[in-house]
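Numbering (the UniProt record's numbering), first residue to last: 1 to 121.
Virtual Cβ for every residue (Gly too), placed ideally from N, Cα, C.
Here it is, written out as structure tokens:
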């Protein structure tokens, strides 16, 4: 049986919830999110970043890292993300590995020791 949504009494209700969620997440009328929720975990030799990117497909996610800043760019049908995250310590950007599953992005980066010993002559 096919459903007729023209007289759905919940349409306005869900539209209102979506508007409130957009306001809370910082997105404007264009659907651009000003902040992405990112957690950073220091796991000894590595940093692990976990970012929430709901409504985005894996193919739409772009990552860049220069050793100090991780840039996450992604676009979905209703929202765009463009976030620069300053990392708490320098990392080897060439060591990065990432996974994306059900809107959750995980990036793992090997930390670089900030200090180096100096030999005296």
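C-alpha gap between residue i and residue j, whole angstroms
i: residue 48; j: residue 21; result: 27 Å
i: residue 63; j: residue 111; result: 17 Å
i: residue 50; j: residue 120; result: 42 Å
i: residue 1; j: residue 13; result: Its pLDDT being 47, under 50, residue 1 is placed unreliably by the model, and nothing is read from it.
i: residue 93; j: residue 55; result: 27 Å
i: residue 19; j: residue 118; result: 57 Å
i: residue 89; j: residue 40; result: 11 Å
i: residue 44; j: residue 36; result: 25 Å
i: residue 67; j: residue 61; result: 19 Å
i: residue 57; j: residue 74; result: 8 Å
i: residue 101; j: residue 65; result: 20 Å
Coarse secondary structure for residue i, derived from DSSP in three states
i: residue 112; result: coil
i: residue 17; result: helix
i: residue 119; result: coil
i: residue 66; result: coil
Distance between beta carbons of residue j and residue i, contact taken as under 8 Å
i: residue 70; j: residue 85; result: 5 Å
Counterpart residues of residue i in DSSP-defined beta bridges
i: residue 52; result: 104
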